[in-house]
Amino acid sequence: MPEQAKTVFSLELVNASIHTLPLLHSVAAQLKQRSHESTDFYPKVAELASEDPLLSARIISAAHSVPCGPLKPVYSIEKALERIGVFNTLALINQLTQVDTEMMTPGYKIGWRHSIEVAVFSRFLANHTTAFNVNADLAYMAGLLHDIGRFILLQMVLNTGQQNEARSWNALDELPETEIQQYGFTHTEVGYMAAQRWNLPRTLTNVLRFHQHYDLWDFKTVSLPFKQLMTVVQFADFLSMLLIKNPEWPAWSSTQLKGFIAEHCIHEDWPKIDFPIEYLAEQLPMLSEQCQRLVINAEKTPDEGL
Numbered sequence: 150m151p152e153q154a155k156t157v158f159s160l161e162l163v164n165a166s167i168h169t170l171p172l173l174h175s176v177a178a179q180l181k182q183r184s185h186e187s188t189d190f191y192p193k194v195a196e197l198a199s200e201d202p203l204l205s206a207r208i209i210s211a212a213h214s215v216p217c218g219p220l221k222p223v224y225s226i227e228k229a230l231e232r233i234g235v236f237n238t239l240a241l242i243n244q245l246t247q248v249d250t251e252m253m254t255p256g257y258k259i260g261w262r263h264s265i266e267v268a269v270f271s272r273f274l275a276n277h278t279t280a281f282n283v284n285a286d287l288a289y290m291a292g293l294l295h296d297i298g299r300f301i302l303l304q305m306v307l308n309t310g311q312q313n314e315a316r317s318w319n320a321l322d323e324l325p326e327t328e329i330q331q332y333g334f335t336h337t338e339v340g341y342m343a344a345q346r347w348n349l350p351r352t353l354t355n356v357l358r359f360h361q362h363y364d365l366w367d368f369k370t371v372s373l374p375f376k377q378l379m380t381v382v383q384f385a386d387f388l389s390m391l392l393i394k395n396p397e398w399p400a401w402s403s404t405q406l407k408g409f410i411a412e413h414c415i416h417e418d419w420p421k422i423d424f425p426i427e428y429l430a431e432q433l434p435m436l437s438e439q440c441q442r443l444v445i446n447a448e449k450t451p452d453e454g455l
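Here the working numbering is used: position 107 in the sequence shown is 256, and no number is missing along the way.
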């Protein structure tokens, strides 16, 4: 990596930039239009948070930073908002909407859609992988936030005028090496730093740190619940990338789709697990439509969102 790049992309600069990550422009605009006196204030904020990784991260962060001692982790946005309270929620919204919102570049849009897909697919797998016992809210939040380090890196790239931001969203196997060459560190390190700064629950913090470690089943020191959660998120990650790389997938037969899922979404380092592949293939068009609705809703203008 060139010395100039090392200077631009330092972990110190990452650490200083974590709190400047912007909301999606449309989400910020919709938040500004919400009145805390409306009956749907909490549901609407929760709905928008389910579509924006940063907003979710900061709400979960605020819910675990309230000055009332250690509390049980919450992974539901609705429960997190209840814990924060309306005035603290308004203060957080005001803080987040003061940051200049992002420009929706091709790389940003691909990564954002990918995060929503991983969240939706993770929740589906948590609900339907009968061999596992994974909380569906936790699975959704872990999937939505897993790549937040990449958004921080992307924002830094845009801020420094670099032009390599649109590459590598669909090259998971090569990504760590590519990031090390470009920046000297990976997005998992950046995500881990952000999670620590935001005081996210330990489980989510570890998801951001270890979601590209596929050999966790080999370690006896790793808890079974975390192994199951990470496997759900990793499977969902692989599935989303499969769809991104193969936009023609809706035309595949059910047999083809099941075959591709079995071939590309199950890592060789995992033990034999009875994933609901047949049911997943059957439900995938519906799940994809659900992701698309979330994307469309988040892209609404304020007038459309009211």
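Each residue gets a CB set at the ideal place from its N, CA and C atoms; glycine is no exception. Only a predicted model underlies this, so the values are computations on that prediction, with no experimental measurement involved.
The continuous alpha helix (DSSP H) containing I226 extends over residues 226-233.
Annotation for F375: the continuous alpha helix (DSSP H) segment containing it runs 373-394.
Remark: C-beta atoms of H263 and D296 approach each other more closely than 8 Å. Secondary structure of I242 (DSSP, three-state): helix. By a beta-carbon distance limit of 8 Å, Q345 contacts T354. Their separation comes to about 6 Å. Close CB contacts of L230 within its chain, under the 7 Å cut and outside five residues either way in sequence, are with Y191, V194, A195, I208, T238 (chain order). Under the 8 Å Cβ criterion, the region 378-385 counts as touching the region 271-291, having at least three qualifying pairs. Counting along the chain, Q405 sits inside the alpha helix (DSSP H) bounded by residues 403-413. Assigned with DSSP and collapsed to three states, T354 falls in helix. Assignment of R183 by DSSP, reduced to helix, strand and coil, places it in the coil class. I426 and W398 have their C-alpha atoms some 15 Å from each other. In its chain, beyond the 5 residues on either side, T246 have a beta carbon closer than 6 Å to the beta carbon of K181.
Under the 8 Å Cβ criterion, the region 439-447 counts as touching the region 199-207, having at least three qualifying pairs.
By alpha-carbon distance to E431, the top candidate from E412, G408, D418 is G408. Per DSSP, A400 lies in no alpha helix (DSSP H) segment and is marked neither H nor E. For K258, the closest alpha carbon among the candidates L172, Y341, S403, T370 is that of L172.
Taken through DSSP and simplified to helix, strand or coil, I422 comes out as coil.
Counting along the chain, G340 sits inside the alpha helix (DSSP H) bounded by residues 336-346.
The three-state reading of DSSP puts V215 in coil, since its state is none of H, G, I, E or B.
The Cβ atoms of W419 and T370 lie no closer than 8 Å to each other. Counting the other Cβ atoms within 10 Å of the Cβ of V356 gives 16 or more, which makes it buried. By the Cβ-count criterion, L160 is exposed, with fewer than 16 other Cβ atoms from all chains shown falling within 10 Å of its own Cβ.
For E448, no alpha helix (DSSP H) run applies, since DSSP gives it neither H nor E. In the DSSP annotation of this structure, the continuous segment of the alpha helix (DSSP H) that includes H263 starts and ends at 255-277.
Residues F190, K193, V194 of the same chain have their beta carbon placed closer than 7 Å to that of R183, with the five preceding and five following residues left out of the count.
Judged by their CB atoms, L391 and C414 are nearer to each other than the 8 Å cut-off. At least 8 Å separates the beta-carbon of I410 from that of L436. Of P222, I329, N395, V235, the smallest CA-CA separation from S187 is found for V235. Cβ-Cβ distances below 7 Å link Y341 to T354, L357, R358 in the same chain, with the five nearest sequence neighbours on each side left out; the list follows chain order.
Rounded to the nearest angstrom, the gap between the Cα atoms of R232 and S205 is 14 Å. Each of A177, T327, L433, F270 was checked against the Cα of W401, and the nearest Cα belongs to L433.
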